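Residue numbers (this note's numbering): 5 to 160.
Think of the CB as a built atom: it goes at the ideal place given N, C-alpha and C, for glycine as much as any other residue.
As the structure is a prediction and not an experimental result, all values here were calculated from the model.
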């Protein structure tokens, strides 16, 4: 008979579902490490730019007030503080940044300014010494450099 109708429902077989699942998992296993490296790279860049901006801010505040400002780095607690600059959130005390907080979630690996973990900008904005700060997120590391003569802050 030519016009025979069957009652077969359309759907996916178990083999088709397993095949699609295997392909999806393969792509996910390739994409996940790339995505995580991209996130780490972004967070490391963000943390480095924050440290650089705060060093420039300390230098600018020193010039504006014609008084010295000290930036002290504590690698044990992943924090740094700018003395003489009020906290932006209105809390009493100096301006303090914790690099472990979001969005950075970074590690303060080292801070070396002539053998010290602090740098002083005098009333003209001139640093006490040149040096560098190293921040890391995962395997990504960024270095922030302060020129000892000009006080210029760069991220090479």
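C-beta neighbour in chain B for residue 65, strict 8 angstroms: As a matter of chain content, chain B is missing from the structure shown, which is built from one protein chain.
Where residue 108 sits in the DSSP three-state scheme: On the chain shown, position 104 is the one that residue 108 refers to. In this structure, residue 108 counts as coil in the three-state DSSP scheme.
Nearest-angstrom Cα separation, counted from residue 132 out to residue 116: One-based indexing of the chain shown puts residue 116 at position 112. One-based indexing of the chain shown puts residue 132 at position 128. If I take the Cα positions, the gap works out to 12 angstroms.
First and last residue of the uninterrupted beta strand (DSSP E) at residue 125: Looking up residue 125 in the chain shown gives position 121. Residues 122-125.
Cut-off 6 angstroms between Cβ atoms - residues of its own chain near residue 148, not counting five sequence neighbours on either side: As a working mapping, residue 148 is identified with position 144 in the chain shown. So the list reads 52, 55, 56, 137 and 159, once near-sequence residues are dropped.
Spatial neighbours of residue 109 in its chain, beta-carbon cut-off 7 angstroms, leaving aside the 5 residues before and after: Numbered from its first residue, the chain shown carries residue 109 at position 105. 47 and 141.
Nearest-angstrom Cα separation, counted from residue 145 out to residue 42: Here residue 42 refers to the residue found at position 38 when the chain shown is read from its first residue. Here residue 145 refers to the residue found at position 141 when the chain shown is read from its first residue. Cα to Cα, the separation comes out at about 13 angstroms.
Contact check, residue 83 vs residue 101, beta carbons under 8 angstroms: Here residue 83 refers to the residue found at position 79 when the chain shown is read from its first residue. Here residue 101 refers to the residue found at position 97 when the chain shown is read from its first residue. Going by C-beta atoms, residue 83 is nearer than 8 angstroms to residue 101.
In DSSP terms, what residue 114 is bridged to: By 1-based counting over the chain shown, the position of residue 114 is 110. Per DSSP, 138.
Nearest-angstrom Cβ-Cβ length linking residue 67 and residue 129, presumed shorter than 8 angstroms: Here residue 67 is taken as the residue at index 63 of the chain shown, counted from 1. Here residue 129 is taken as the residue at index 125 of the chain shown, counted from 1. Right, their Cβ atoms sit about 4 angstroms apart.
Reference residue 104, options 112, 97 and 76, closest by Cα: As a working note, residue 104 is residue 100 in the chain shown. Looking at the Cα atoms, 112 is the closest of the given residues.
Buried versus exposed call for residue 58 [16 or more other C-beta atoms within 10 Å across all chains shown]: Taking the first residue of the chain shown as position 1, residue 58 is located at position 54. Under this definition residue 58 is a buried residue.
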